[in-house]
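Trainee: Sharing a structure, written as structure tokens. Questions coming.
Residue numbers (UniProt numbering): 1 to 283.
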């Protein structure tokens, strides 16, 4: 079914629910306010597809009705629906050892921590492939007895639940035979074709829900390294700067910030200086 033409503010007549340009603009305002995500005009079809599931599950017949109800929701039930709203509109694209050059660099950057504790934050954990890739690299660089603490956070509670389980398809992209053997248990019987992260790797990670728009981050001691990859592309320049300032505050001097291949923060040289390919050093 072709996407509706909403450019002139009319309602879609081809879809199950009424969805006007005013509705889209309202969604865009709410997700920006709550999660810092900037939706451009080309996201109408995506918003309709993802949020229409919430309308069905909550019994609303139009986006206008759902959004009015959402904005008036409060208390624990309201918090649950706001979380579902955010979950629907976040994008989760990940794989093991994505942007592989970062993990080669990480292995070298970890060597000075032999025999020392290291704290790392992965602030867009998604379904877990990235934090587990970080931990596999830590084990390879420092050994299984290393003192590693990884905080893995995400705004989307659904993907975090998957990350905590640590169960994936055995043919997941990015894993070679050696890492499959060293870091995963293979499923049998009804679980054939599945793999589970070994407990000795999972013991290093704490998963938690965190919204980068929150005023206060309770993250503990400063981090030596932060992975914030392919997150800032969803923020406008003002929001990017605010988040970078907060990340700067939770890092140790000289700490390393790993960002996505399309992200560039040279305008924030007072906070971070470019150290390598999409790797910045805290100043």
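A virtual CB, placed ideally from N, CA and C, is assigned to each residue, including glycine. Note that this is a predicted model, so its numbers are computed, not measured.
Please report the distance separating the alpha-carbon of residue 278 from that of residue 259.
Mentor: To locate residue 278, count along the chain shown from 1; it is residue 278. To locate residue 259, count along the chain shown from 1; it is residue 259. Going by the C-alpha atoms only, they are around 6 Å apart.
Trainee: Please go through the same chain and pick out, in chain order, the residues whose beta-carbon is closer than 7 Å to the beta-carbon of residue 253, but skip the five residues on each side of it.
Mentor: Counting from one through the chain shown, the residue named residue 253 turns up at place 253. Excluding positions up to five away in sequence, the list reads 282.
Trainee: Any chance you could list the alpha helix (DSSP H) runs of at least 4 consecutive residues sitting entirely within the region 154 to 194, in chain order?
Mentor: 157 to 165 and 177 to 183
Trainee: State the Cα-Cα distance for the pair residue 268 and residue 185, rounded to the nearest angstrom.
Mentor: Within the chain shown, the letter at position 268 stands for residue 268. Within the chain shown, the letter at position 185 stands for residue 185. If I take the Cα positions, the gap works out to 43 Å.
Trainee: So residue 148 and residue 135 are supposed to be a Cβ contact under 8 Å. How far apart are they, rounded?
Mentor: For the purposes of this step, residue 148 is identified with residue 148 of the chain shown, where counting begins at 1. For the purposes of this step, residue 135 is identified with residue 135 of the chain shown, where counting begins at 1. Going by Cβ atoms, the distance from residue 148 to residue 135 rounds to 7 Å, so yes, they are a contact pair.
Trainee: For residue 193, tell me which candidate among 178, 173, 203 and 169 has the shortest Cα-Cα distance.
Mentor: On the chain shown, position 193 is the one that residue 193 refers to. Measuring from the Cα of residue 193, the nearest candidate turns out to be 169.
Trainee: For my contact list, residue 155 and residue 90 are in at a C-beta cut-off of 8 Å; report their separation, rounded to the angstrom.
Mentor: Indexing the chain shown from 1 puts residue 155 at position 155. Indexing the chain shown from 1 puts residue 90 at position 90. 6 Å between Cβ atoms; contact.
Trainee: Assign residue 264 to buried or exposed, taking buried as 16 or more other Cβ atoms, counted over all protein chains shown, within 10 Å of its Cβ.
Mentor: Locating residue 264 in the chain shown gives position 264, counting from the first residue. Exposed, by the Cβ-count rule.
Trainee: If you drop the 5 nearest sequence neighbours on each side, which residues of the same chain put their C-beta closer than 7 Å to that of residue 144?
Mentor: Within the chain shown, residue 144 is the residue found at index 144, counting from 1. Result list for residue 144: 200, in chain order.
Trainee: Tell me which residue opens and which closes the beta strand (DSSP E) that residue 273 is part of.
Mentor: The residue labelled residue 273 in the question sits at position 273 within the chain shown. 272 to 276 is the span of the beta strand (DSSP E), which, as asked, contains residue 273.
Trainee: Assuming residue 209 and residue 157 make a contact with CB atoms under 8 Å, what is their CB distance in whole Å?
Mentor: Sequence index remark: in the chain shown, residue 209 carries index 209 (1-based). Sequence index remark: in the chain shown, residue 157 carries index 157 (1-based). Yes, they are in contact, since the Cβ atoms of residue 209 and residue 157 sit about 5 Å apart, within 8 Å.
Trainee: Does the distance from the C-beta atom of residue 23 to that of residue 55 stay below 8 Å?
Mentor: As a working mapping, residue 23 is identified with position 23 in the chain shown. As a working mapping, residue 55 is identified with position 55 in the chain shown. A distance of 8 Å or more separates the beta carbons of residue 23 and residue 55.
Trainee: Out of 35, 76, 84 and 211, point me to the one whose CA is closest to residue 58's CA.
Mentor: Residue 58 sits at position 58 when you count from the first residue of the chain shown. Of the listed residues, the one whose Cα sits closest to residue 58 is 84.
Trainee: Report the partner residues of residue 24 according to the DSSP bridge assignment.
Mentor: Locating residue 24 in the chain shown gives position 24, counting from the first residue. In the DSSP output, where bridge partners are listed per residue, residue 24 has none listed.
Trainee: Under 6 Å Cβ to Cβ from residue 230, same chain only, skipping five residues before and after it: list those, please.
Mentor: As a first step, residue 230 is located in the chain shown; it is residue number 230 there, counting from the start. Around residue 230: 260.
Trainee: Given that a residue counts as buried once 16 or more other Cβ atoms are within 10 Å of its Cβ, and exposed if not, what is residue 117?
Mentor: As a first step, residue 117 must be located in the chain shown, where it is residue number 117. Residue 117 comes out exposed.
Trainee: Count the other C-beta atoms from every protein chain shown that fall within 10 angstroms of the C-beta of residue 257, then say buried if there are 16 or more, exposed otherwise.
Mentor: Within the chain shown, residue 257 is the residue found at index 257, counting from 1. Classification for residue 257: buried.
Trainee: Strictly under 8 Å for the Cβ-Cβ distance: is residue 102 near chain B by that measure?
Mentor: Given the protein chain composition of this structure (a single chain), no chain B is represented.
Trainee: Would the beta-carbon of residue 142 fall within 8 Å of that of residue 114?
Mentor: By one-based count along the chain shown, residue 142 stands at place 142. By one-based count along the chain shown, residue 114 stands at place 114. Cβ atoms of residue 142 and residue 114: closer than 8 Å.
Trainee: Looking only at its chain, what residues have a beta carbon closer than 6 Å to the beta carbon of residue 204, apart from the 5 residues adjacent to it on each side?
Mentor: Mapped onto the chain shown, residue 204 falls at position 204. Exclusion of the five residues before and after residue 204 leaves 135, 148 and 150 as the residues of its chain whose Cβ lies within less than 6 Å of its Cβ.
Trainee: Which two residues bound the contiguous alpha helix (DSSP H) that contains residue 103?
Mentor: For the purposes of this step, residue 103 is identified with residue 103 of the chain shown, where counting begins at 1. First-last of the alpha helix (DSSP H) with residue 103: 101 to 110.
Trainee: Leaving out the 5 sequence neighbours to the left and right, which residues in its chain are closer than 7 Å to residue 285 when beta-carbon positions are compared?
Mentor: Nothing can be reported for residue 285: it is not among the residues displayed for the chain, which extend from 1 to 283.
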